[in-house]
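Below you'll find the structure, written out as structure tokens, and then a few comments.
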Amino acid sequence: MPIRVSSNVSSPLPNVAHEYKHLVDEFPSPKKILWRLLNEAYIMTKNPDIKPIFTEDQILHAVTKQNVWKISINLRWPENFLVEGISSRKHEAETLAYLHACQKMKELALLDKDNKPLLPGKKHTFSSESIKSAKSDLLNIFQRIYIANGSNPDYLPKFENTTEEGIIGKETFWRCQLHLAYPEKKSFESCAMRSREAENIAAAEALLWLEKGKEFINSKKRLIHYSKEEEEKLFKTHSAPYSICIPSLIQEKMSSVLHRLNELVKEESSLSLPENSPIQEDSNSNLNEVQIRNLITDEIYCELSEAENINRSHQMFQKYISHFENSEPNVQEIRNVTSNLPIAQKKNEILKLVNENQVVVLSGETGCGKTTQVPQYILDEYIGKFKGANCNILISQPRRLSAISIAERIAYERGEQVGETVGYHVRLNKNLPKQSGAMLFCSTGMLLRKLCFNPNLDGISHVIVDEVHERNIQIDILLILLKHLLEANKNIKILIMSASFNTSVFSQYFNNCPVIHVPGNVYPVKEYFLEKLPPDLVGVHRYGKTYPILDVNLVANVINYVHNTQKKGAILCFLPGWDDILAVQNKLLEICEDPSELKICRAHSRLPHEEQKIIFEPVPDGIRKIILATNVAETSITINDVVYVVDSGLHKGTMFDGEQGIVSLGTQWITQANVRQRRGRAGRVQHGVCYHLFPQKALTDMEDYPKPEILRMPLESVILDCKLYCPDSKAEDFLSSALQPPSQSSLQIGVHELQMCGVLDENENLTDLGKVIVNFATHPRLSIALVYASFLGCLDPVLTICAVLTVSKEPFLNTLEDKSLIKTIKQGYDNYLFSDHLAMTKIFDAWNELNETSEAENFILQNLLDEQNLHFTRDLKSLFAESLFEAGIIDSPDAFLDPEDICNINRNHFPTIFSVLSAAFYPNVMKVIQGEISRGKIHKDSVIYSLIKGQRGYIQKESVACKEFELPSPWLVYFKALHSEARRMMMTSSVSSVPGICLLLFGGQQLAVVNEENNSDHNNVVLMLDNYKKLRFSCKKEETELLLLWRSQLRNIFRTYVETLKSPNNDLMSFYNEEFLPVLKEIISTPQVPFTKGQFYKFVNNELVSEEL
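The UniProt record's numbering puts the first residue of the sequence shown at 1, with every later residue one more than the last.
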């Protein structure tokens, strides 16, 4: 008897009972699915029993007594069973029967998860995507074999295709038989609706057999030219744990120190805290205990008395009248210029809006005068009403230099010196007003710092956020704080100023506040898109281009066309990056009939200031100036003689993958806002022309505006800043009120990184270490480095390293032209330590010693140094030292300058410095390994950089470790890395080769013993750091026990050191400095396993031995 499966449905199928709805979802076309399975099974087996028997009847429903349809399908393959469907509608009954048939076939494993036939004997089915190129992949493989064997046709695969009728329906199927003669005779069969599909399925079966069954090809469909033994040897070398050896004499010292430490702890149990001890409850109170400061003068805030207010306001009025009555020519000229600015026409309207609203958004095009005039309009109105002392304006600028130059310009316009009613305050530089009744220009970061000392902005009448369209992270955080402030301070006035038309987003953010737009002095610009350019320049095939790839020939041809056919005027060409600038420059010189007619200038953020100034210089008649620029020329500079703009439509941009925590750098399409900015460069001083090297349709496909930085960057620093402004809130809660909040995955990665660093606890509260570094004005990792450097006694060099990394650019003039030249300079100071970080400290120290001597200038020239950068680095060191002093870490701000101070006792001990970098940069670690499998071959001589997180690394040419194959250690630590879309690797320019013992003692959170089945050396124990398989270490059992204890006590001492900064535990710290630290130095100075190309090193019986690879 057949197995019976039936269903009874009286309602229409679209409203089928819930018990069958899941079948409809699982088998959307059940009849088609079943017929394909049965037809393919019949074609492949010729079994006549596969044909099902269909019957249909009308029967009387037992309950409703109405006639209903019963459709039965009797299947005899692969076993005998009957399915039925009953419904008041015939097609519904049929569908139910087919649904149950498909359900049964899937239970019998004859349908895969995608409902494709999985016939007996077949282990796999293939998706359409996976078989798309299977035949061509197979033919490519055997083409090589065919050529290698004297073009013998017997080695080629043979496909035999026939058409066959199915057993049900009227479908015709293709049956493909594929025959291989090599590496052994083997045939594969497949069946499909189309011949090409049948061939691809058979080829996919063959490829799977060649890979899994014969290990003849690899997963990338390449022939394998190596043996299993060779592959296993390579894998064994790559996966071998790093060998550690502690000399017996040092082991004895370690045991002795640990014993005395335990006795000290017993005497005073409070000296040692258990590992992972809970954070004390006074966690954040000290963050809120600040004296309110006057944000204009930077003194302790004290409200003016009525008499002081009247006196100050009267003084300001008298000075204003005096300046107004000044009729000197230069003063009159300034008035003529400012009165003719577009903003002047809107003065009264702006003041009215500001007076009547708490928040106003002002949109003003570049050159309209909003930045210099609006603060003066507000201040002068107060002065004219004898209320000048009540007007205190804070103005934020995204860039330090802009804040300074604008303050100087306004002071000049007002006929006064900076520091009277106009001042500036940026990092490492300030000139503050001496009294209230003033305006202060700040970098955005400095204004955020000021808010910590006066959260309610007491004494401030207005805040102007300028260039808000740039949407860097600091601007977004400032907007959050200002929005929160509106409730607490009803008297504050906020003015949001933007150069873009995207004002609605800011207005909506501030409860639909009013918006005013000010036009600029711009001239008409004629635009040409790709399809309107001469065909001989472009070619029809380019009209549909969609990928952000620069066509160097097209760019050069268009520039050359403009040069040869258009009137005089400079050409500004926007390109993605430096390599593109060089490529276009070389192509131009190649195709231009007379290159002497061209003056090619470059604009890039990393070019020396002197070279960038050339772009502003006029050129003689008959010479065409061509500026090849990145997006640095979009907003921050104006070149008066530019008439023509060539817009590639591309730029280099960063993107943050919130799932993987990776920042990528690649060429991307610009946005419509960028297109407008680039076009506007041609109409600044006269009529212009803009050539867009993309179709007009591509413009509509572009995003409206660039993504804000908060969505494009890692969030560790942002999250820590959130704790500074709102210590009791979680970062997600604080940032949820941002204009565009970051994704939850990005936040989780940032929080996890800070927890791994020991800055946040599991509840996202600041740890004691976090409470110290939250006030430091640099990246959390660099802040941690500063604390560890003080703890280990190597502060001065680490201050230099942190300052250089904070600047984000090594102090060399031009690292773009010849990066290997920079490597050569650094190698002269590296002493074969292969550390870019230490090389920079040596270069800085050498300059610092010569500074203000006659030899300094020659030293700078010889080493291609940027003197301004060096001075800035020195000032940053002092700033960081001031933060350490305020935290109680060092005894005076100048302590780092004293080589005898306790914070500097190990300043020349390189392993100690490497320990600091290991603690602070972890898990930014890559391992140098030798040998790789590529294109089916083992390349024994290949040297690759493998990040412990799994990606492949690339070290840029300016690094001292680039293409160096003899390193003191295979471990390289780095501060930051970017994923290069072009190279498909993680790219970094500064690394340090650090001893493995430093990573073992200072890196990560958890060091654990792991059991390894393949550990051939039973005398050794394997340790793993934070479950990173690449961070495994091997040493003897007694060494393991000592190292685990030493690491634990080291962490306990450091934790106690941080917790008791304000009231040091003198006994413990004396013991640490006198006994623990000297032995620690010996441990990290022990011989380490190096990396040498062609050799594999390990310790055997306390001796370092090597074997050839």
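In this text, a Cβ means the ideal position worked out from N, Cα and C, and glycines have one as well.
Keep in mind it's a predicted model, so treat the numbers as computed, not measured.
Between L747 and E732, the gap from beta carbon to beta carbon is short of 7 Å.
In this model, S743 and N152 are separated by some 59 Å (Cα to Cα). Contact between T421 and M446 is absent: CB atoms are separated by about 19 Å, not below the 8 Å threshold. Taking the C-beta atoms as reference points, V555 is found nearer than 7 Å to V584.
Shortest Cα-Cα distance from M987 to any of I591, Y945, D1026 involves Y945.
Only buried fits R36, as 16 or more other CB atoms lie within 10 angstroms of its CB. In chain order, L739 place their CB closer than 6 Å to the CB of Y509, counting only its own chain and leaving out the 5 sequence neighbours on each side.
Going by DSSP, K927 is part of the beta strand (DSSP E) stretching over 925-934. The three-state secondary structure of T1092, taken from DSSP, is strand.
Residue environment: F734 is assigned as buried (16 or more neighbouring CB atoms within 10 Å of its CB, all protein chains considered). With respect to the 7 Å criterion, M926 and G953 are classified as neighbours on the basis of their beta carbons.
Residue pairing of D647 in beta bridges, as defined by DSSP: F574, H692. No Cβ-Cβ contact shorter than 7 Å links I639 with H651.
Contact annotation: C573 and L495 have beta-carbon atoms that are not nearer than 7 Å. Here DSSP, grouped into helix, strand and coil, assigns I168 to coil. For H604, same chain residues with a beta-carbon under 6 Å away, outside a window of 5 residues either side, are W578, T630 in chain order. Residue pairing by DSSP puts V426 in a beta bridge opposite N429.
Cβ-Cβ distances below 6 Å link L1001 to R1047 in the same chain, with the five nearest sequence neighbours on each side left out; the list follows chain order. With at least 16 other beta carbons inside 10 angstroms of its own, L478 counts as buried.
Scanning the stretch 96-178 for uninterrupted alpha helix (DSSP H) segments of 4 residues or longer gives 128-131, 134-148, listed from N- to C-terminal end. Collapsing the DSSP output to three states places A203 in a helix. Within the stretch 726-768, the complete alpha helix (DSSP H) runs of at least 4 residues fall at 731-735, 744-756. Straight-line spacing of the CA atoms in P329 and E413 works out to 13 Å. Pairing T237 with F1096 gives a Cβ-Cβ distance under 7 Å. Under the DSSP assignment, V1021 falls in the beta strand (DSSP E) whose first and last residues are 1020-1025. Of A982, S989, E958, the smallest CA-CA separation from V973 is found for S989.
Assignment of A181 by DSSP, reduced to helix, strand and coil, places it in the coil class. Secondary structure at F529: coil, using DSSP grouped into helix, strand and coil. Sequence-distant partners of I710 (beyond 5 residues in either direction) whose C-beta falls short of 6 Å from its own C-beta, in its chain, are I473, D476, P742. For R676, the uninterrupted alpha helix (DSSP H) run begins and ends at 672-680, by DSSP. Between L947 and W971, the CB-CB gap reaches or exceeds 7 Å. Bridge pairing for I627: L572, C601 [DSSP]. A438 is bridged by DSSP to N392. Taking the Cβ atoms as the reference, P706 lies roughly 7 Å from A673, within the contact range of under 8 Å.
Apart from sequence neighbours up to five positions away, the residues of its chain that approach V525 with a beta-carbon distance below 6 Å are R679, A682, G683, G688, C690, ordered along the chain.
By the Cβ neighbour-count rule, N858 is exposed, with fewer than 16 other Cβ atoms within 10 Å of its own.
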